[in-house]
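For reference, the structure discussed in these notes is given below.
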Amino acid sequence: MKKLIRIATPLMAVALMSGAPIFAHAQNQASPAQTQEWNTPPQGTEQAQQGYRDGVEAAQLDRAAKRKIDAKASHLYMHPPVKGAARDEYRSGFTAGYEAAIKHSNSGV
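Just so we're aligned, residue 1 is where the sequence shown starts under the UniProt record's numbering, counting upward by one.
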């Protein structure tokens with residue numbers, strides 16, 4: 001009986017401790033409808049979404065290269081890869097993505 005207790009007690013402890021992180025992880029996760037990643041483009045036109053993604057990438061590259069942090073100084077902002085009326089949509093998305101990336105990097109997250 002003593003051998004059984006010696007073996008069973010640590011096994012029960014391991015079993016209880018291994019289940020705790022699973023439950024804690026499940027409680028911390030929110031549903032996808034409740035949260036949106038900072039680098040996910042908001043709903044809008046295809047050009048605005050592409051501008052947002054390009055803005056996020058440009059901000060990360062500017063920060064890594066230690067360039068001036070300014071969305072309007074970026075090559076893609078000045079020369080958007082879209083034509084006509086879509087330029088304004090692209091530029092507004094680009095600025096929003098650039099600012100989101102800078103805000104995210106400044107928050108240390």
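Quick reminder that beta carbons are idealized off the backbone N, C-alpha and C, glycines included.
**Request:** Evaluate the contact criterion for the stretch 76 to 93 versus the stretch 46 to 55: three or more CB pairs, one atom per stretch, below 8 Å.
**Result:** They touch, by the three-pair rule.
### Message
Less than 8 Å between the C-beta atoms of A58 and S74, yes or no?
### Response
yes
Which of helix, strand or coil DSSP assigns to N106: helix
### Query
Going by the beta-carbon positions, is the gap between L76 and D62 smaller than 8 Å?
In this structure, D62 does not lie closer than 8 Å to L76 by Cβ.
Just the C-alpha distance for T9 and M1, rounded to the nearest angstrom, thanks.
12 Å
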